[in-house]
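J.: One structure coming up, written as structure tokens, with questions to follow.
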Amino acid sequence: MAQFSSRLDLITLEDYSYNSKGNSVIDNAELGGLIRIMLHYYQEQRRIPYLKIAPSQVKKFILGKGNGTGTKKEDMKLGVYKKFGIEYPDNNRVDAYALAKIGEGYLYYKHKKQELIGDMGKLRRGCASVPSCHWWLI
795 MAQFSSRLDL
805 ITLEDYSYNS
815 KGNSVIDNAE
825 LGGLIRIMLH
835 YYQEQRRIPY
845 LKIAPSQVKK
855 FILGKGNGTG
865 TKKEDMKLGV
875 YKKFGIEYPD
885 NNRVDAYALA
895 KIGEGYLYYK
905 HKKQELIGDM
915 GKLRRGCASV
925 PSCHWWLI
């Protein structure tokens with residue numbers, strides 16, 4: 795991450811899945827803790843903010859709903875393809891792409907909000923050209 799930090803505006807991270815079960819939960823929590831320590835450093839020392847995004851929110855962004863029927867990993871692959879026209883061979887890349895698009899929408903919205911403060915109509919019209927932006931206006 796250090797090699798890219800001079801070019802970063804934002805880091806997005808899928809938050810823990812609190813409904814997970816099994817031995818890997820402990821391993822994931824330990825690794826997740828180390829990653830969060832690094833992210834805290836980047837936020838404090840290099841002024842690079844990060845967003846923790848719940849798995850259900852990642853699904854809602856891509857599929858329109860966060861849980862229930864039609865929100866499995868295979869559904870996410872199809873959803874990314876339908877929404878953005880891009881295909882990935884595995885679920886980790888699909889999730890990473892979705893997180894990047896959420897970050898893109900967040901940064902776009904944040905920039906436009908500052909630029910067009912007080913005029914939500916202009917903001918909504920400008921945001922229409924960025925597929926990931928609409929989610930932040932809901």
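Read left to right, the sequence shown gives residues 795 to 932 (my numbering).
Glycine is no exception: its CB is placed at the ideal position from the N, C-alpha and C atoms.
A quick note: this is a predicted structure, and the numbers were derived from the prediction, not measured.
1) Less than 6 Å between C-beta atoms, sequence neighbours within five positions excluded: which residues of the same chain meet that for M795?
2) For K853, collect the residues of the same chain with a Cβ closer than 6 Å to its Cβ; drop the 5 residues on either side in sequence, then sort them by chain order.
3) Considering K866, what are the terminal residues of the beta strand (DSSP E) in which it resides?
4) Compare the C-alpha of Y891 against each of L802, E808 and L828 and name the closest.
5) Taking C-beta to C-beta, are M870 and N886 nearer than 8 Å?
6) For the beta strand (DSSP E) containing L804, list its first residue and its last residue.
7) Mind checking whether the beta-carbon of R840 lies closer than 7 Å to any heavy atom of the ligand NAD?
8) Name, in chain order, the residues that DSSP records as bridge partners for L845.
9) Helix, strand or coil for K877 per DSSP?
10) In or out: I880 buried (at least 16 other Cβ within 10 Å) or exposed?
11) Give the secondary structure of D884 by DSSP, where H, G and I count as helix, E and B as strand, and everything else as coil.
12) Kindly list the residues whose CB is nearer than 8 Å to the CB of K876, restricted to its own chain and excluding five residues on each side of it in sequence; keep chain order.
13) Could you tell me if G827 is buried or exposed, where buried requires 16 or more neighbouring beta carbons within 10 angstroms of its beta carbon?
T.: So, from the data block:
1) Along the sequence shown, one-based indexing puts residue 795 at 1. Any reading at M795 needs caution, since the residue's pLDDT is 48, under 50, leaving its predicted position unreliable; the model's value is listed next. No residues qualify anywhere along the chain.
2) Position 59 of the sequence shown, counted from the first residue, corresponds to residue 853. Within the same chain, G860 and T865 come within 6 Å of K853 by CB-CB distance, once the 5 residues on both sides are set aside.
3) By 1-based counting over the sequence shown, the position of residue 866 is 72. No beta strand (DSSP E) contains K866, which DSSP labels as neither H nor E.
4) Stepping through the sequence shown from its first residue, residue 891 is reached at position 97. Out of L802, E808 and L828, E808 has the C-alpha closest to the C-alpha of Y891.
5) Along the sequence shown, read from residue 1 onward, the residue named residue 870 stands at position 76. Along the sequence shown, read from residue 1 onward, the residue named residue 886 stands at position 92. No, Cβ-Cβ distance for M870 and N886 is not below 8 Å.
6) To locate residue 804, count along the sequence shown from 1; it is residue 10. For L804, there is no enclosing beta strand (DSSP E), since its DSSP letter is neither H nor E.
7) Of ligands this structure carries none, so the ligand NAD is not represented either.
8) Numbered from its first residue, the sequence shown carries residue 845 at position 51. DSSP, once it has assigned bridges, lists T806 as partnering L845.
9) One-based indexing of the sequence shown puts residue 877 at position 83. The DSSP-derived three-state label of K877 is helix.
10) Position 86 of the sequence shown, counting from 1, holds the residue named residue 880. The residue in question, I880, is exposed, as its Cβ has fewer than 16 Cβ neighbours within 10 Å.
11) Here residue 884 refers to the residue found at position 90 of the sequence shown. Reduced to three states, the DSSP call for D884 is coil.
12) Taking the first residue of the sequence shown as 1, we reach residue 876 at position 82. Here the set comprises nothing.
13) Taking the sequence shown and counting its residues from 1, the one referred to as residue 827 is at position 33. G827 is exposed by the Cβ-count criterion.
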